[in-house]
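Each number in my numbering corresponds to the 1-based position in the sequence shown with 4 added. Beta carbons are placed, not taken as given, at the ideal position from N, Cα and C, and that holds for glycine. Okay, so here's the structure we're looking at.
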Amino acid sequence: MTPAPPSPEAAEIQARSGAPAWLPAYSAAQRALLAPVDTPIQTPAAPVYPDLGRFEYAGPARVDDLRRTLRFSSLIVTVIDKSPRLYSLDDAPPELANLIAQYGPPPSAEPDPWQAAEMSRKDRSLTLTEVKLSEEAKASLATARAKRDVGDTKAASDAFRAALVATPAAAIALELGDMLAAKGQAKEARDAFEEAVIIDPTLATAHLGIAELAAKRGDRDEARRWLAEAIAYWPASRRALALADRLTNGLASSRLTRLPLFRVFVDVDSAGAIHVGSSGGEPARIYAGCRAVMRYEPKVRARIFEQPEDVPYHLTMMEELICMESAIGVYVAARMSGKGAADPTMDALVDIARDEGLGGYVMTEILGRHRPERARVAPREVHRAMVRYVERTMLGAPLVADPDQGVYTAAR
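Here it is, written out as C-alpha cells:
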C-alpha cells in the first residue's frame with residue numbers, strides 16, 4: 005500500500021529541520037511567501053530561530069543626531085546588496101507576519117505569581133525562579149483555599165497569613181488580596197497587595213490589584229501610577245490593558261496612542277533564499293530588512309554586538325533599536341529630500357527617539373509584548389524607561405491626533 009503524501013503543513017515542518025518545538029506550521033498564505041525564487045543563490049541561508057535562553061538589554065538609545073539613523077539605514081542597504089546570501093524583499097500584509105518564528109511562543113496573558121524575581125549576588129541581575137514553599141506553608145495554604153471556597157473569609161485570611169509567615173511569597177499575598185478585594189474589603193486587600201509588592205516588586209498583578217482598587221474608588225491618578233508599573237513589568241497583560249482602556253476611554257489600546265508595530269515576515273525558503281515581507285512603505289521595508297540581516301549575517305551581528313560569530317542568534321534590545329532607527333533614517337532621508345510624504349506616526353516615533361530614546365518603546369511595544377518575562381526582570385533603568393513610555397503614551401495624551409480632524413500632535 006502506497007503511503008499518502010504528507011500534507012503541506014507536515015511537509016513544511018519536515019523541511020524545516022531543527023526548528024524549535026514551539027514553532028507552528030505556517031498558513032497557506034505564509035507558505036506562498038516562501039515560494040523559491042529563480043535567481044541563483046551563491047550562499048544558501050539556513051533557517052534561524054532565536055535562542056530563547058539568551059537575552060541582552062541596552063540603554064535608552066536617545067537619538068541626539070538624526071544623522072546616526074541615516075548611517076544605520078545605509079548599512080542595512082549595503083549589507084543586503086553585497087551579501088552572498090539572496091534576499092527577496094516582498095510585499096506582505098501585516099496579518100501574515102510570522103511573529104512566533106521571530107520572537108518565540110506566545111506568552112501567558114498574565115505573569116505566573118509562583119515565579120519570583122531573584123537577584124544575582126554576582127552582577128545584581130534578576131532571574132525568575134520557582135517559589136518553594138515549606139511544608140507548613142503548603143498546609144496553611146491548602147487550609148486557606150478550602151476556607152475561602154466555602155465562604156469563610158476570616159478563617160481563610162488567618163490561614164493565608166500563617167502561610168505567609170511560614171514562607172513569605174508574593175503569590176500567597178496576592179491570593180489573599182484577590183480574595184479580600186472580591187469580598188469588598190478594599191483596605192485589607194490593598195494591604196495584601198502592597199505586601200506582595202514588597203516581597204516581589206516585579207509581580208505585575210500585585211501592582212494591578214492596587215490600581216484596580218484605586219480606580220474603583222475614583223482615584224484615577226493613583227490608579228495610573230500603579231498601572232504604569234504593572235504594564236511595564238508585564239506588557240502582555242490583557243487585564244492591565246483593559247483597565248488602561250477604562251481609564252482613558254479606550255485610547256490606551258487605540259492606534260492613536262500605541263504606535264503600530266512593523267509587522268513583518270522573515271524566513272528562508274527550501275533553496276536558502278531569505279524572504280522578507282513587509283507593508284507600509286520604505287520604513288517598514290528597511291526595518292524588515294534589518295531584522296533579516298541581524299538574523300542571517302553572523303559577521304555583521306558579531307561586529308555590531310562585539311561578540312564571537314558563533315554566538316547563537318538571540319533577541320536583544322540593541323537589534324530592535326538599530327532596526328527602528330534604520331526605519332527612522334529612511335523616513336528622515338525622504339523628508340529631507342522632499343520626496344517623502346509626512347507620516348504622523350513616524351513623526352511621533354522620531355519625537356520619542358529624540359526626547360527620551362526608543363528603549364522604553366521597544367521593550368514595551370515589541371519585546372515586552374512577546375517576551376514579557378524579559379520585561380519583568382529588566383534592569384532598573386530599562387524598567388524606568390518603560391514606565392515613562394507607558395505614562396506618556398498609553399496613559400497620557402495621544403501621540404497622534406485623530407486623522408479625521410487633520411491634526412497631528414506629539415503631546416506629552
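Can residue i and residue j be called in contact, C-beta distance under 9 Å?
i: residue 242; j: residue 114; result: yes
i: residue 93; j: residue 282; result: yes
i: residue 322; j: residue 308; result: yes
i: residue 267; j: residue 280; result: no
i: residue 360; j: residue 389; result: yes
i: residue 170; j: residue 137; result: yes
i: residue 374; j: residue 246; result: no
i: residue 296; j: residue 270; result: yes
i: residue 74; j: residue 337; result: yes
i: residue 184; j: residue 157; result: yes
i: residue 168; j: residue 186; result: no
i: residue 368; j: residue 202; result: no
i: residue 96; j: residue 145; result: no
i: residue 263; j: residue 206; result: no
What are the boundary residues of the beta strand (DSSP E) that includes residue i?
i: residue 52; result: That residue, residue 52, is in no beta strand (DSSP E); it is neither H nor E in DSSP.
i: residue 280; result: 278-282
i: residue 360; result: From DSSP, residue 360 is part of no beta strand (DSSP E); its letter is neither H nor E.
i: residue 270; result: 269-272
i: residue 70; result: Where residue 70 is concerned, there is no enclosing beta strand (DSSP E), given that its DSSP letter is neither H nor E.
i: residue 171; result: No beta strand (DSSP E) contains residue 171, which DSSP labels as neither H nor E.
i: residue 367; result: Where residue 367 is concerned, there is no enclosing beta strand (DSSP E), given that its DSSP letter is neither H nor E.
i: residue 130; result: 130-134
i: residue 120; result: 119-123
Please report the straight-line C-alpha distance between residue i and residue j, rounded to a whole angstrom.
i: residue 212; j: residue 222; result: 15 Å
i: residue 392; j: residue 398; result: 10 Å
i: residue 18; j: residue 27; result: Low confidence applies to residue 18: its pLDDT is 41, below 50, so where it sits in the model is not reliable enough to give any reading.
i: residue 335; j: residue 149; result: 57 Å
i: residue 347; j: residue 99; result: 21 Å
i: residue 357; j: residue 194; result: 37 Å
i: residue 112; j: residue 319; result: 18 Å
i: residue 3; j: residue 330; result: Residue 3 lies beyond the stretch modelled for the chain, which goes from 5 to 416, so this question has no answer here.
i: residue 101; j: residue 63; result: 27 Å
i: residue 310; j: residue 220; result: 50 Å
i: residue 174; j: residue 333; result: 45 Å
i: residue 204; j: residue 233; result: 13 Å
i: residue 303; j: residue 355; result: 32 Å
i: residue 351; j: residue 59; result: 29 Å
i: residue 415; j: residue 363; result: Residue confidence for residue 415 is low, a pLDDT of 28 falling below 50, so the modelled location carries little weight; the figure read from the coordinates is stated next. Distance between the alpha carbons of residue 415 and residue 363: 19 Å.
i: residue 298; j: residue 366; result: 16 Å
i: residue 130; j: residue 254; result: 34 Å
i: residue 312; j: residue 305; result: 9 Å
i: residue 86; j: residue 44; result: 15 Å
i: residue 65; j: residue 287; result: 19 Å
i: residue 257; j: residue 372; result: 15 Å
i: residue 154; j: residue 143; result: 17 Å
i: residue 343; j: residue 284; result: 16 Å
i: residue 249; j: residue 400; result: 11 Å
i: residue 353; j: residue 67; result: 11 Å
Since residue i and residue j should fall inside the 8 Å C-beta cutoff, what is the C-beta to C-beta distance between them, to a whole number of angstroms?
i: residue 121; j: residue 103; result: So it is not a contact: roughly 26 Å between Cβ atoms.
i: residue 176; j: residue 198; result: Residue 176 to residue 198, Cβ: 14 Å. No contact.
i: residue 238; j: residue 380; result: 6 Å
i: residue 33; j: residue 272; result: Not confirmed; about 17 Å, so no contact.
i: residue 41; j: residue 301; result: So it is not a contact: roughly 19 Å between Cβ atoms.
i: residue 244; j: residue 208; result: 7 Å
i: residue 61; j: residue 386; result: 5 Å
i: residue 178; j: residue 117; result: 5 Å
i: residue 328; j: residue 291; result: 7 Å
Which two residues bound the contiguous alpha helix (DSSP H) that contains residue i?
i: residue 91; result: It is not in any alpha helix (DSSP H) - residue 91 instead sits in the beta strand (DSSP E) that spans 91-95.
i: residue 390; result: 384-396
i: residue 209; result: 208-220
i: residue 245; result: 242-251
i: residue 417; result: The structure shown does not extend to residue 417, since the chain spans only 5 to 416, so no value can be given for it.
i: residue 198; result: 190-203
i: residue 139; result: 139-153
i: residue 302; result: 302-309
i: residue 231; result: 224-237
i: residue 34; result: 32-37
i: residue 378; result: 376-380
Among the residues of its own chain, which have a CB less than 6 Å from the CB of residue i, if the five just before and after it don't count?
i: residue 190; result: 217
i: residue 22; result: none
So, at 7 Å on beta carbons, what are the nonlocal neighbours of residue i in its own chain, with the 5 sequence-adjacent residues on each side left out?
i: residue 151; result: 159, 160, 163
i: residue 108; result: 26, 54, 56, 374, 375
i: residue 370; result: 265, 324
i: residue 227; result: 215, 218, 219, 251
i: residue 89; result: 47, 49, 278, 300
i: residue 24; result: 53
i: residue 181; result: 193, 196, 197, 200, 213
Can you find the residues in the same chain that come closer than 8 Å, C-beta to C-beta, to residue i, ignoring five residues on each side of it along the sequence?
i: residue 326; result: 76, 294, 298, 308
i: residue 230; result: 211, 212, 214, 215, 218
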